[in-house]
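Structure first, then comments.
Chains as they are written, first to last, in the working numbering: chain F, 1 to 167; chain V, 1 to 395.
So, in structure tokens, the structure goes:
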């Protein structure tokens with residue numbers, strides 16, 4: 001009996017949309033090396049027939065546990081072809097529900113990271129294209145950056161202590 | 001999902017199957033000879049006899065006297081009793097305890113709790129192989145020191161600590177200070193695997209475990225040198241010389257003693273066999289997988305543990321994928337796999353958090369065969385390659 005659901009194992013064993021996009025117009029990152037999970041998303045945003053911006057292509061790279069890989073893979077399949085507006089409505093609960101229960105409580109953060117990486121990629125797209133960033137997305141971006149800086153601060157502190165020991 | 005028939009166990013450091021020879025000697029003590037060792041009637045006395053025989057057996061196998069062996073339920077309990085029991089019985093003399101920074105969580109957490117009770121804990125650093133420097137023990141000892149607890153070998157990386165040397169240093173410090181400092185070692189990973197003799201090691205207390213050496217779970221021991229001042233954790237009917245009240249788990253203890261006897265008898269031959277298999281495994285992995293690194297001391301290491309870290313992958317994902325392929329391995333220790341923090345042992349050896357997160361422990365044992373090693377060497381490189389393709393940090 002594997003520890004995770006069939007759906008998680010499927011996405012882990014055969015992840016969809018792995019890799020990079022050559023000239024992405026948005027990239028986003030979430031997670032950090034300290035906790036062991038790092039997710040990177042690449043976006044190609046285009047215009048659909050209704051002249052709405054939509055996710056034409058999406059690819060990911062993830063360093064992390066099986067659940068982290070599965071979450072990122074699932075996320076890419078959910079948002080590919082969706083408009084930016086629709087994509088931003090994806091919540092961690094949607095991923096958790098689709099991955100099938102029970103997801104161990106200490107793995108919930110993998111779903112949070114995947115959604116955060118997407119928000120960061122869309123934020124990056126807005127920034128690059130010089131468009132006005134929606135206030136909710138700005139708040140989210142600040143929150144994700146704050147978490148990242150905290151983790152990096154801890155990591156730097158750790159390195160400093162290490163260097164002192166080696167001296 | 002395709003059913004995979006192959007099942008290979010490479011996690012003997014987490015726990016072992018009970019040897020059928022051990023099961024055989026245990027069986028009569030479940031339903032036939034089921035008495036309570038404290039009962040005066042013959043039902044009680046026949047199991048009392050086998051309990052004392054088991055005690056004599058375990059004692060003689062580690063160079064101790066029978067009245068110096070206390071049976072407990074687990075190595076965790078033995079370590080808790082050693083640390084808390086010594087701390088509280090000797091607090092009038094001092095409040096300082098020395099441990100290493102790579103102890104098993106049951107020692108780390110007991111020490112942390114004692115800290116909250118007013119004791120002072122020194123956690124000694126280790127070198128890149130996980131070795132404690134005996135000179136550091138000497139430097140850390142002060143007049144308030146009542147206990148030093150250093151594990152015999154580490155459960156994650158297999159490094160064997162210089163217990164004998166540390167024991168000598170503690171003895172000379174006791175002479176200088178004219179005050180007793182107790183020396184405990186957690187030998188859960190070494191008892192039955194490498195020679196363990198309490199007098200040669202120079203310890204006052206020693207923890208041993210049954211389920212790591214093909215005995216049943218639910219049995220362990222604590223060697224306590226005669227004359228040691230220690231207070232019990234469990235109060236009650238006064239079992240185990242008053243140090244561990246609880247109805248005695250006779251079947252498990254009988255099994256433990258038998259398992260230890262078998263392990264000691266077969267130790268030399270088995271270690272030669274395991275060393276050869278492990279060497280093949282390590283050489284194979286380092287050859288077939290680039291950017292793979294060994295952790296632990298190259299020589300001073302248990303013959304059955306191999307620990308690696310692989311650049312650009314996360315350990316848990318490797319464990320899950322290998323499990324799907326029928327191979328059971330572990331990231332660091334089984335206890336820490338539900339925590340998100342990197343292993344404290346690997347961090348103490350100087351690995352950075354992302355490196356420590358990418359570690360994998362393979363531990364070999366009595367039923368590991370050469371063809372199992374071949375299968376791992378065939379499968380693991382592919383697994384690492386695939387996960388690196390998904391990873392953003394390895395190109």
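Glycine included, C-beta positions come from ideal geometry on N, C-alpha and C.
Q) Using a Cβ-Cβ distance under 7 Å, would residue 207 of chain V count as near chain F? A) Chain F has no Cβ within less than 7 Å of the Cβ of residue 207 of chain V.
Q: Could you tell me whether the Cβ of residue 117 of chain F comes closer than 7 Å to any Cβ of chain V?
A: No - not a single Cβ of chain V is within 7 Å of the one on residue 117 of chain F.
Q. By DSSP, does residue 221 of chain V sit in helix, in strand, or in coil?
A. In this structure, residue 221 of chain V counts as strand in the three-state DSSP scheme.
Q.
Could you tell me the alpha carbon to alpha carbon distance between residue 210 of chain V and residue 217 of chain V, rounded to whole angstroms?
A. Going by the C-alpha atoms only, they are around 6 Å apart.
Q. Are any of the Cβ atoms in chain V nearer than 7 Å to that of residue 40 of chain F?
A. At a cut-off of 7 Å between beta carbons, residue 40 of chain F contacts chain V.
Q | Close beta carbons around residue 31 of chain F, own chain, < 6 Å, minus the five adjacent residues each side | A | Only residues of its own chain outside the window of five on either side were considered, and among them 37, 38, 39, 113 have a CB closer than 6 Å to the CB of residue 31 of chain F, listed in chain order.
**Q.** Which of helix, strand or coil DSSP assigns to residue 337 of chain V
**A.** In this predicted model, residue 337 of chain V has a pLDDT of only 48, less than 50, meaning its place in the structure is not dependable; the value taken from the coordinates is given anyway. In the displayed model, residue 337 of chain V falls within coil according to three-state DSSP, outside both helix and strand.
Q) If you scan the segment 213-265 of chain V from start to end, which runs of the beta strand (DSSP E) of 3 or more residues do you find wholly inside it? A) Residue ranges of uninterrupted beta strand (DSSP E) with 3 or more members, entirely inside the segment 213-265 of chain V and ordered along the chain, are 220-224.
Q.
Quick check on residue 62 of chain F - is its C-beta less than 7 Å from some C-beta in chain V?
A. Interface residue, yes.
Q.
Using the Cβ count rule (16 or more neighbours within 10 Å means buried), how would you classify residue 145 of chain F?
A. So residue 145 of chain F ends up on the exposed side.
Q) Can you find a C-beta in chain V that's less than 7 Å from the C-beta of residue 114 of chain F? A) Under the 7 Å criterion on CB atoms, residue 114 of chain F is classed as non-interfacial with respect to chain V.
Q.
Let me make sure I understand the geometry here. Which of V:320, V:278, V:321 has the alpha-carbon closest to that of residue 307 of chain V?
A. Residue V:278 is the option with its Cα nearest to residue 307 of chain V.
Q. Considering residue 147 of chain V, what are the terminal residues of the beta strand (DSSP E) in which it resides?
A. Boundaries of the beta strand (DSSP E) around residue 147 of chain V: 145-149.
Q.
Rounding to the nearest angstrom, what Cα-Cα distance links residue 247 of chain V and residue 68 of chain V in this structure?
A. Those two C-alpha atoms are separated by around 19 Å.
Q) On the three-pair Cβ rule with 8 Å, is the segment 181-188 of chain V touching the segment 74-86 of chain V? A) They touch, by the three-pair rule.
Q) Is residue 392 of chain V close to chain C, meaning its C-beta is less than 7 Å from at least one C-beta of that chain? A) The structure shown contains no chain C; its protein chains are F and V.
Q: Measure the C-alpha to C-alpha separation of residue 71 of chain V and residue 220 of chain V and round it to an integer number of angstroms.
A: Straight-line Cα distance between these residues: approximately 6 Å.
Q | Continuous alpha helix (DSSP H) stretch holding residue 113 of chain V: start and end | A | Where residue 113 of chain V is concerned, the enclosing alpha helix (DSSP H) stretches over 105-116.
Q | As assigned by DSSP and simplified to three states, the class of residue 184 of chain V | A | Under the three-state reduction of DSSP output, residue 184 of chain V falls in the strand class.
Q. Is any beta-carbon of chain V found at less than 7 Å from that of residue 66 of chain F?
A. Closer than 7 Å to some Cβ of chain V, the Cβ of residue 66 of chain F qualifies, so yes.
**Q.** Distance between residue 347 of chain V and residue 357 of chain V (C-alpha atoms, nearest Å)
**A.** Rounded to the nearest angstrom, the two C-alpha atoms are 10 Å apart.
Q: Can you give me, in chain order, the residues of the segment 133-157 of chain F that have a beta carbon less than 8 Å from any beta carbon in chain V?
A: Flagged, chain order: 155.
Q.
If distances are taken between C-alpha atoms only, which option among V:116, V:48, V:64, V:160 comes closest to residue 39 of chain V?
A. Taking only the C-alpha atoms, the option nearest residue 39 of chain V is V:48.
**Q.** residue 14 of chain V (DSSP reduced to helix, strand or coil)
**A.** The three-state reading of DSSP puts residue 14 of chain V in coil, since its state is none of H, G, I, E or B.
Q. Between residue 71 of chain F and residue 102 of chain V, what straight-line distance do the alpha-carbon atoms span, to the nearest angstrom?
A. About 33 Å.
Q | Minimum Cβ-Cβ distance from residue 357 of chain V to chain F less than 7 Å | A | Residue-level contact check: residue 357 of chain V touches chain F, since one or more beta carbons of chain F fall below 7 Å from its beta carbon.
Q: Could you please tell me which residues of the segment 306-333 of chain V, in chain order, have their CB closer than 9 Å to any CB of chain F?
A: If the cut-off is 9 Å between Cβ atoms, the segment 306-333 of chain V has 312, 313, 314, 315, 316, 317, 319, 320, 321, 323, 324 near chain F.
Q: With a 10 Å radius around its C-beta and 16 neighbouring C-beta atoms as the bar for buried, classify residue 11 of chain F as buried or exposed.
A: Here residue 11 of chain F is buried, its C-beta having at least 16 other C-beta atoms within 10 Å.
Q.
DSSP three-state label for residue 307 of chain V, please.
A. Strand at residue 307 of chain V.
Q: Return the residues of the segment 6-17 of chain F that lie within a Cβ-Cβ distance of less than 8 Å from chain V, sorted by chain order.
A: Of all residues in the segment 6-17 of chain F, 6, 9, 12, 13, 15 have a Cβ within less than 8 Å of some Cβ in chain V.
Q.
Measuring CB atoms only, is the segment 58-66 of chain F touching the segment 6-25 of chain F, in the sense that at least three cross pairs come out at less than 8 Å?
A. Yes, the segment 58-66 of chain F touches the segment 6-25 of chain F.
Q: May I ask you to report which of helix, strand or coil DSSP gives residue 82 of chain V?
A: Of the three classes helix, strand and coil, the one that applies to residue 82 of chain V here is helix, per DSSP.
Q. Counting along the chain, where does the beta strand (DSSP E) carrying residue 361 of chain V start and finish?
A. Where residue 361 of chain V is concerned, the enclosing beta strand (DSSP E) stretches over 359-363.
Q. Less than 7 Å separating the beta-carbons of residue 330 of chain V and residue 14 of chain V?
A. It is a contact, given that the beta carbons lie within the stated cut-off.
**Q.** For residue 12 of chain F, three-class secondary structure by DSSP
**A.** The answer is helix: DSSP assigns residue 12 of chain F an H, G or I state.
Q. With residue 58 of chain V and residue 342 of chain V assumed to form a contact (beta carbons below 8 Å), what rounded beta-carbon distance in angstroms separates them?
A. At roughly 36 Å, the Cβ-Cβ gap does not stay under 8 Å, so residue 58 of chain V and residue 342 of chain V are not in contact.
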